[in-house]
Amino acid sequence: MRRKLVAGNWKMHGGLARNRALLDSLVQAVGTGGSADCAVCVPFPYLAQTQELLKGTALTWGAQTLSEHAQGAYTGEVSAAMLADFGCRYVLVGHSERRSLYGEGNETVAAKFVAAVQGGLTPVLCLGETLEQREGEITEKVIAAQLDAVVQAAGMNGLAKAVIAYEPVWAIGTGRTATPQQAQDVHAFIRARLAESDVALAQRLQILYGGSVKPQNAVELFGMADIDGGLIGGAALVAEDFLAICAAAAK
Ligand code: 13P
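Residue numbers (this note's numbering): 3 to 253.
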């Protein structure tokens, strides 16, 4: 069975005092580890604090985006090597908010994915359709195009170093979760598409679900055959909720 991963995406939330309280609670509860992995993806300025508080614990951490460039005159950007300096294991790539609010298309996402892999990070590649696309019955077409762009740029060897997160845009921050079956169907589609190139890798790859995951729905979602954990937004900001979701993944 694939090991499960629960990753929190704090988005643009946090503050030094609040982070400390949250991370301390997670460390106390997660201790030296359980049967699922637990990670937090924090805003850049909090990476140093996160590293200080989580180093040597069972928790891992990461960032929410990165530059596609390794270095250079790119004011405001942060490279994979800089994230690695702060002990990041993960970096989110292609989150729908980056795609829709910051104009990151499939090519940019693919370039960022490659930069992450080259920098020794594990990209968490986010894929997902909008409500309009789902209602237009082009979900699979959209997901395939998002996935194929990355496979083309990084190859299956690159994919082997990644985690995928299916996050239907209409379920993010809306309280409207995909049903376990709706999520399962897309996860199975992603796995089948990867299996066309590499069956063993497709079987091994972790595919997380994200979009209004809460303690109340996590057990059912994580019980589906192709759902290997979650990418958690709002509920990752409340220690009790995030820990309950991590516990659901450990079942
Ligand atoms: P919510 O869990 O708040 O819906 O956010 C999901 C998400 O975007 C995680 O990356």
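C-beta atoms are modelled at their ideal positions from N, C-alpha and C, and glycine is treated no differently.
Which term fits Y104, buried or exposed, when burial requires 16 or more other beta carbons within 10 angstroms of its beta carbon? As a working mapping, residue 104 is identified with position 102 in the sequence shown. Y104 comes out exposed.
Report the rounded CA-to-CA distance for R178 versus L233, giving the unit in angstroms. Working through the sequence shown from its first residue, we reach residue 178 at position 176. Working through the sequence shown from its first residue, we reach residue 233 at position 231. CA-to-CA, the gap between R178 and L233 works out to about 15 Å.
Is L7 near L28, with beta carbons less than 7 Å apart? As a position in the sequence shown, residue 7 is number 5, starting the count at 1. As a position in the sequence shown, residue 28 is number 26, starting the count at 1. The Cβ-Cβ distance between L7 and L28 does not fall below 7 Å.
Would you identify the three-state DSSP class for G157, choosing helix, strand or coil? Within the sequence shown, the letter at position 155 stands for residue 157. Three-state DSSP puts G157 in a helix.
Considering only residues of the stretch 193-236, which uninterrupted alpha helix (DSSP H) runs meet the minimum length of 4 residues and lie entirely inside it, listed in chain order? The qualifying runs are 201-206 and 217-224.
Hey, quick one: how far does the alpha helix (DSSP H) through V116 stretch, first residue to last? Numbered from 1 along the sequence shown, position 114 holds the residue referred to as residue 116. Where V116 is concerned, the enclosing alpha helix (DSSP H) stretches over N108 to Q120.
Can you tell me whether A180 is helix, strand or coil according to DSSP? Taking the first residue of the sequence shown as 1, we reach residue 180 at position 178. Of the three classes helix, strand and coil, the one that applies to A180 here is coil, per DSSP.
With burial defined as no fewer than 16 other Cβ atoms inside 10 Å of the residue's Cβ, what is the status of K13: buried or exposed? For this step, residue 13 is matched to residue 11 along the sequence shown. It counts as buried.
Of the choices M158, A227 and G121, whose alpha-carbon is the least far from that of L211? Stepping through the sequence shown from its first residue, residue 211 is reached at position 209. The residue asked about is misnamed: residue 211 is Tyr in this sequence, not Leu. When only C-alpha atoms are compared, the closest one is A227.
With the cut-off set at 7 Å, would you say S1 and A75 are in Cβ contact? No answer is possible for residue 1: the residues shown for the chain start at 3 and end at 253.
Measure the C-alpha to C-alpha separation of V221 and E134 and round it to an integer number of angstroms. As a position in the sequence shown, residue 221 is number 219, starting the count at 1. As a position in the sequence shown, residue 134 is number 132, starting the count at 1. One C-alpha to the other measures close to 28 Å.
Could you please give me the residues that DSSP links to T124 through a beta bridge? Start at 1 with the first residue of the sequence shown, and residue 124 comes out as number 122. Under DSSP, T124 shares a beta bridge with Y92.
DSSP on I140, reduced to helix/strand/coil? The sequence position of residue 140 within the sequence shown is 138, counting from 1. The answer is coil: DSSP assigns I140 none of H, G, I, E or B.
Expected contact under 8 Å - CB spacing of L207 and L161 to nearest Å: As a working mapping, residue 207 is identified with position 205 in the sequence shown. As a working mapping, residue 161 is identified with position 159 in the sequence shown. Sure, about 7 Å apart at Cβ, within 8 Å.
Bridge partner(s) assigned by DSSP for D39: Counting from 1 along the sequence shown, the entry for residue 39 is found at position 37. Among the bridge pairs identified by DSSP, D39 is matched with L7.
Is I234 near the ligand 13P, going by C-beta to nearest heavy atom under 6 Å? Looking up residue 234 in the sequence shown gives position 232. Under cutoff, so the answer is yes.
Span separating the alpha-carbon of L2 from that of S98: Nothing about residue 2 can be reported from this structure: the residues present for the chain run from 3 to 253 only.
To the nearest angstrom, how far is it from the Cα of A246 to the Cα of K216? For the purposes of this step, residue 246 is identified with residue 244 of the sequence shown, where counting begins at 1. For the purposes of this step, residue 216 is identified with residue 214 of the sequence shown, where counting begins at 1. C-alpha of A246 to C-alpha of K216: approximately 8 Å in a straight line.
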